[in-house]
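Participant: Just so we're aligned: 71 in the numbering used here is position 70 of the sequence shown, and the numbers increase by one with no gaps anywhere. Glycine included, each C-beta is placed from N, C-alpha and C at the ideal position. Take this structure, written in structure tokens, and hold onto it; I'll ask about it next.
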Amino acid sequence: LPEHLQRQLACRRGNRGRFAPSPTGRLHLGNLRTALLSWLITRLQGGEWLLRIDDLDTPRNRAGAEAAILSDLGYLGLEWDGPLIRQSERRGLYGTVLSALRRSGRLYPCRCSRRMLADVSAPHGATPVYPGFCRNRVIGWGPQQGRLPSWRLRLRPGVLAWAEQLAQCGSLVAETEVGDVVLRRADGFLAYHLATAVDELALGITDVVRGEDLADNTARQIHLQHMLGLPTPCYLHTPLVLDARGEPGGVDPGAQPADKRLVAGGRRPRQLQPRLSIAQLAGEVQERVDHHLDALLPAHAREVTDGRGGRRVRRRRVAFQLDAVENHPHRIAA
Ligand code: GLU
């Protein structure tokens, strides 16, 4: 990382969480659960919670998606600290890190263009391991047949392990389960892994909460973070929320008829079980959040003047389907 950021981070103390949706559409229930969990975990530790929009993969961005995300989070009462962060506005930082890695010989040019797309955008589920065709080849950096090479990170062999909050450590074998990852595509797009690994460090993130479909990518990201020489965050990969058809659940808050029943849980069938209706759940959450409001909200959000000179705790409307959170094997003590 650039020196000024390293210095800045050296002075940081305290917990920081983040929610990092891609603006590819509306948030579904799984995303919302991730947001709520991340917010709860961070707030319960008295930490700051950041909102980052992962909008580097511009062809996948959808008009209006960012506004819809902000409005859904607003509806849930999940306030973030500081300005909204967009990865598209941080390309300079990622480019600086990429150049430094390139100069240090950690990257190599690769011409295997057919694998590129699969490697680059935030992949959900198991990602194919790059077989290393270009690893030890001498390949020019310049255009060939009108194409530039992509740039891959040379992984050190061995086990890549990371800390998982409330669970055993995660670990993957670099050579057979991870492989050399593309950090810059041949068409110039910067990869999700580069931006995300750099951002967790540069933003001082201590706690990452995200779906378990992204767990495979954690090895790549922590490897990169180790190379950059800063402490890696602690991760929590939550089981996916699936609907009755086994697809990632696609409901947004308030849009679901109250009597619609959901099936929630992880990928393993034993975790699939019918849950309460949205209306019942919303009521439960309301109670729980009201009860814990003091602990959850930062002081500045909690105390507002009541217009008569006194102070009172701000009550906000919160509605959230807590079924998946409740169903999670590592329940949040509430
Ligand atoms: N933006 C990506 C997604 O929404 C990745 C999020 C993350 O790393 O937490 O799938």
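Run the proximity test for Gly-212: is its beta-carbon closer than 8 Å to any non-hydrogen atom belonging to the ligand GLU?
Facilitator: Result yes, Cβ under 8 Å from the ligand GLU.
Participant: Taking C-alpha atoms, which residue in Thr-219, Gly-141, Val-130, Val-199 lies nearest to Ala-354?
Facilitator: Residue 354 falls outside the range modelled here, since the chain spans only 2 to 335, and no answer is possible.
Participant: What do you get for Asn-16, buried or exposed, if any count of 16 or more other CB atoms within 10 angstroms of its CB means buried?
Facilitator: Buried: at least 16 other Cβ atoms inside 10 Å.
Participant: Output the residue ranges of the alpha helix (DSSP H) runs that lie fully inside the region 97-182 and measure 4 residues or longer, sorted by chain position.
Facilitator: Qualifying alpha helix (DSSP H) stretches, in chain order: 117-121.
Participant: Can you tell me whether Gly-230 is helix, strand or coil according to DSSP?
Facilitator: Three-state DSSP puts Gly-230 in coil, outside helix and strand.
Participant: Once DSSP output is grouped into helix, strand and coil, what is the label at Gly-212?
Facilitator: Here Gly-212 sits in strand by DSSP.
Participant: Locate the beta strand (DSSP E) running through Thr-43, then write down its first and last residues.
Facilitator: Premise fails: Thr-43 lies in the alpha helix (DSSP H), 30-45, not in any beta strand (DSSP E).
Participant: Measure from the alpha carbon of Ser-100 to the alpha carbon of each residue in Tyr-76, Leu-154, Tyr-236, then state which is nearest.
Facilitator: Among Tyr-76, Leu-154, Tyr-236, the Cα nearest to that of Ser-100 belongs to Leu-154.
Participant: For Arg-61, name the three-state secondary structure that DSSP assigns.
Facilitator: Arg-61 falls in the helix class under three-state DSSP.
Participant: Quick one: what's His-238 bridged to in DSSP?
Facilitator: Answer is Arg-211, bridged to His-238.
Participant: For the ligand GLU, is there any heavy atom lying closer than 8 Å to the beta carbon of Val-130?
Facilitator: No, the ligand GLU has no heavy atom inside 8 Å of this Cβ.
Participant: Can you tell me where the beta strand (DSSP E) holding Glu-80 begins and where it ends?
Facilitator: Neither: Glu-80 is in no beta strand (DSSP E) and is coded neither H nor E.
Participant: Decide if the region 203-216 is in contact with the region 138-148; the criterion is three or more beta carbon pairs, one per stretch, under 8 Å apart.
Facilitator: With the cut-off at 8 Å, the region 203-216 and the region 138-148 do not touch.
Participant: State the start and end residues of the unbroken beta strand (DSSP E) segment that holds Arg-53.
Facilitator: From DSSP, the beta strand (DSSP E) with Arg-53 extends over 49-54.
Participant: For His-224, count neighbouring Cβ atoms within 10 angstroms of its own Cβ and tell me buried if that reaches 16, exposed if not.
Facilitator: His-224 should be labelled buried.
Participant: Between the region 30-40 and the region 68-85, do three or more beta carbon pairs fall short of 8 Å?
Facilitator: The region 30-40 vs the region 68-85: in contact.
Participant: State the Cα-Cα distance for the pair Cys-170 and His-238, rounded to the nearest angstrom.
Facilitator: If I take the Cα positions, the gap works out to 11 Å.
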